[in-house]
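To keep things clear, I will list the structure first and then write my remarks on it.
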Amino acid sequence: MAKFSKLTSRSEDYSKWYNELVVKADLAEQSAVRGCMVIKPYGYAIWEKIQAELDRRFKETGHVNAYFPLLIPKSFLSREAEHVEGFAKECAVVTHHRLKNDPNGKGVIVDPDAKLEEELIIRPTSETIIWSTYKNWISSYRDLPILCNQWANVMRWEMRTRLFLRTAEFLWQEGHTAHATKEEAIAEAEKMLGVYAEFAENIMAIPVIKGVKSPNERFAGALDTYCIEAMMQDGKALQAGTSHFLGQNFAKSFDVQFLSKENQYEYVWATSWGVSTRLMGALIMTHSDDNGLVLPPHLAPIQVVIVPIFKKEEDLAQLMTKLQPLADHLKAKGIRVKVDTSDKQTPGFKFADYELKGVPVRLAMGGRDLENNTIEIARRDTMTKETLSLDGIEEHIINLLEQIQQNMYKKALDFRLANTREVNSYDEFKEEIKKGGFLLCHWDGTPQTEEKIKNDTKATIRCIPSKENILFNGNNTIFQEGKCMVTGKPSKQRVVFAIAY
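Using this note's numbering, the first residue of the sequence shown is number 272, and each one after it goes up by one.
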């Protein structure tokens with residue numbers, strides 16, 4: 272029962288609330304390996320839903336899955352200077368290939384005679400190993416495009432970690448594509464950002480802003496980084512997905528050329544794009560409340576839980592004459608249903624558990640409901656309940672799930688709009704950024720001004736919004752020219768500043 276000790280409220284300590292919720296909802300826990308996490312079955316079930324939805328979208332856009340090695344020769348990372356500079360401080364290095372028994376009888380030690388001729392890096396990302404492979408696959412324009420994705424783990428040696436948001440090892444997908452032209456590669460990077468945005472909004476119920484990163488915030492080795500940015504309930508930003516136009520940098524580093532239709536040798540154009548288990552953190556911090564998780568129906572491992580309320584086995588048997596057919600009919604319609612007939616916990620304990628785990632719809636039936644041919648329906652998103660007739664209940668539940676999905680998106684969007692503000696002076700900016708949220712400001716486009724703002728306030732440019740975004744606060748003034756709030760120099764449009772995770 273200690274499991275249901277009250278969560279710290281978001282208003283009291285948002286960070287503590289998040290950490291408690293991840294553990295108490297059985298999503299993940301710290302592991303014996305410093306900085307790494309164990310994703311528990313319920314948390315992994317949500318990740319599997321994310322995987323399945325994204326994987327289907329990737330395949331619908333012509334991509335195929337492959338797998339590349341975990342270990343990367345150190346020399347590969349040395350070939351692209353900006354790339355290695357971006358990841359050098361985060362790399363875990365394998366130096367030996369064998370252990371041996373300690374002659375002093377103290378377990379095992381690294382065998383000093385087993386030193387590798389060349390150290391191997393546990394992949395922080397896979398551009399280098401993949402482009403060394405693509406060199407073997409590409410010789411002619413007929414071999415292009417290559418549209419590969421891999422589902423994998425990566426290692427980035429983080430010193431300060433938080434479950435899902437920032438861990439040394441995390442799960443992700445990384446797409447790596449090769450193209451004959453610059454235009455085709457840019458179109459690919461933009462298309463995959465669109466896939467991420469559609470998934471975030473329609474499946475995760477998280478509204479996002481699409482745009483490009485400033486040069487200071489780009490992926491190491493990219494010419495352009497496209498991104499989707501989301502706002503969490505504490506007003507901080509979270510980067511929910513990125514897609515990179517890599518130009519010909521990696522093709523030149525690994526000498527990947529192709530014979531064009533014009534019979535000329537040219538370097539290949541590249542993209543990469545990825546999302547990670549960080550999306551789990553986004554899901555939690557966008558929707559959940561002081562009672563626990565709130566999961567959008569499209570991602571919930573259990574969409575509907577049915578709890579019969581009984582004291583005796585014969586009471587349960589009678590209830591199941593109504594409840595089992597209901598469960599079977601819902602499952603036949605593609606609804607993920609759990610019927611909890613366990614007698615190990617009280618109904619109140621079960622209700623609290625399913626609230627904590629964010630199950631969108633809870634159905635409960637007791638003896639009186641059986642007599643009246645009714646059932647109680649509880650919504651997790653609004654914490655409201657109603658008692659309805661069993662007649663036509665299946666269609667009502669299916670419609671209710673979609674209502675919950677849409678309501679969760681609208682609630683998150685309304686929150687973002689209410690916490691997005693235009694700011695015109697630097698003095699005003701320094702006060703407003705303390706309140707959180709997205710600040711729409713003019714910036715002169717220089718890294719020096721960007722760095723000054725970051726040093727003064729810890730705020731960064733989350734993205735330079737693209738014009739395809741929905742209106743901000745009902746207007747489009749962000750796309751009008753103005754003057755930088757810091758230097759007064761000309762600015763082509765407003766950009767999004769925020770404190771970020």
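Built from N, CA and C at the ideal position, the CB exists for glycine as well.
Aspartate 715 and valine 766 have their C-alpha atoms roughly 10 Å apart. Runs of alpha helix (DSSP H) with 4 or more residues, each lying fully within the segment 688 to 742, are found at 697 to 703, 718 to 728, listed in chain order. Methionine 463 carries a helical assignment under DSSP once its states are collapsed to helix, strand and coil. Counting along the chain, lysine 484 sits inside no beta strand (DSSP E), nor does DSSP assign it H or E at all. Here DSSP, grouped into helix, strand and coil, assigns serine 531 to coil.
Distance between proline 618 and glycine 663, taken at the CA atoms: about 25 Å. The residues His713, Trp714, Asp715, Ser762, in chain order, have a CB closer than 6 Å to that of cysteine 755 in the same chain once the five nearest residues on each side in sequence are set aside. In summary, proline 579 is buried, with 16 or more beta-carbon neighbours lying within 10 Å of its beta-carbon over all protein chains present. Apart from sequence neighbours up to five positions away, the residues of its chain that approach cysteine 307 with a beta-carbon distance below 7 Å are Thr438, Ala439, Glu440, ordered along the chain. DSSP, read as helix, strand or coil, puts asparagine 424 in strand. According to the DSSP assignment, methionine 636 belongs to the beta strand (DSSP E) that extends over 632 to 636. For histidine 600, the three-state secondary structure derived from DSSP is helix. Closest in alpha carbon position to threonine 748, among Ser280, Pro736, Val757, Thr758, is Pro736.
Under the DSSP assignment, tyrosine 338 falls outside any beta strand (DSSP E); it carries neither an H nor an E label.
A distance below 9 Å separates the beta carbons of histidine 354 and glycine 492. In this structure, alanine 730 lies away from leucine 711, with their beta-carbon atoms at least 9 Å apart. Of the candidates Arg650, Tyr313, Thr612, the residue whose Cα lies closest to the Cα of asparagine 562 is Arg650.
Taking a cut-off of 8 Å for Cβ pairs, the segment 486 to 502 and the segment 338 to 346 do not touch, as fewer than three such pairs fall below it. Around the Cβ of aspartate 652, a 10 Å sphere holds 16 or more other Cβ atoms; the residue is buried. DSSP places leucine 436 outside both helix and strand once states are collapsed to three, so it counts as coil. Boundaries of the alpha helix (DSSP H) harbouring arginine 549: 549 to 558, taken from the DSSP string. Contact between valine 630 and valine 576 holds, with the beta-carbon distance rounding to 5 Å and staying under 8 Å. The Cβ atoms of threonine 396 and valine 425 lie closer than 9 Å to each other. Less than 9 Å separates the beta-carbon of glutamate 657 from that of glutamate 647. 9 Å or more divides the Cβ of threonine 448 from the Cβ of phenylalanine 525. Judged by beta-carbon spacing, histidine 569 lies beyond the 9 Å limit of isoleucine 417, meaning their Cβ atoms are not closer than that value. For a cut-off of 8 Å, the C-beta gap from lysine 345 to isoleucine 392 is around 6 Å, short enough to register as a contact. Secondary structure of proline 395 (DSSP, three-state): coil. Just measuring C-alpha positions, the residue of Phe516, Ser696, Thr279, Thr548 sitting nearest glycine 314 is Thr548. Burial check for glycine 333: the Cβ neighbour count within 10 Å stays below 16, so the residue is exposed. According to the DSSP secondary-structure assignment, arginine 765 is paired through a beta bridge with His713. Counting C-beta pairs with one atom in each stretch, the segment 538 to 558 and the segment 459 to 467 have three or more that are closer than 8 Å, which means they touch. Taking a 10 Å sphere around the C-beta of serine 410, we find fewer than 16 other C-beta atoms and assign the residue as exposed. In terms of CA proximity to glutamine 764, Ile732 leads the group Ile732, Thr612, Tyr772, Ala771.
Cβ-Cβ separation between glutamine 510 and phenylalanine 686: approximately 18 Å, too far for a contact (criterion under 8 Å). Looking at the DSSP output, valine 294 bridges to nothing.
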